[in-house]
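Below is one structure, written out as structure tokens; the observations come after it.
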Amino acid sequence: MVVALNDTVTDLALAAYERALEPKRLRLLPGGHFDPYTTQFDQSSAAALAWFRELLT
1 MVVALNDTVT DLALAAYERA LEPKRLRLLP GGHFDPYTTQ FDQSSAAALA WFRELLT
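Read in order, the letters of the sequence shown are residues 1 to 57 in full-length UniProt numbering.
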């Protein structure tokens, strides 16, 4: 799960992550809700890609 630290729903996202079953991984990024898709896209997409490569290969 990729979560922006300054998102208005960060607390809800972190609570959902805590309830999620394994396998799971959390990546916290600076910024607001859309930053993982815009200014932090390199970091968020790299985290997602690494997770998929690990679990799907």
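All C-beta atoms, glycine included, are put in the ideal place defined by N, C-alpha and C.
Considering only the alpha carbon of each residue, which of the options lies closest to residue i?
i, options, result
"Met-1", "Lys-24, Leu-12, Gly-31 and Gly-32", "Lys-24"
Taking only the alpha-carbon atoms, compute the straight-line gap between residue i and residue j and give it to the nearest angstrom.
i, j, result
"Thr-8", "Pro-36", "14 Å"
"Leu-26", "Gln-43", "12 Å"
"residue 58", "Pro-30", "Lying outside 1 to 57, the shown extent of the chain, residue 58 is not represented and no answer is given."
"Thr-39", "Glu-18", "26 Å"
Below 7 Å CB to CB, which residues in the same chain sit around residue i once its five sequence neighbours on both sides are set aside?
i, result
"Gly-32", "Ala-4, Asn-6 and Asp-7"
Short of 8 Å in beta carbon distance, which residues of its chain neighbour residue i, apart from the five on each side in sequence? Order them along the chain.
i, result
"Ala-13", "Met-1, Val-3 and Asp-7"
So, is residue i buried or exposed, given that buried needs 16 or more other C-beta atoms within 10 angstroms?
i, result
"Ala-46", "exposed"
Apart from the five residues just before and just after residue i, which ones in its own chain have a Cβ nearer than 6 Å to its Cβ?
i, result
"Trp-51", "Arg-25"
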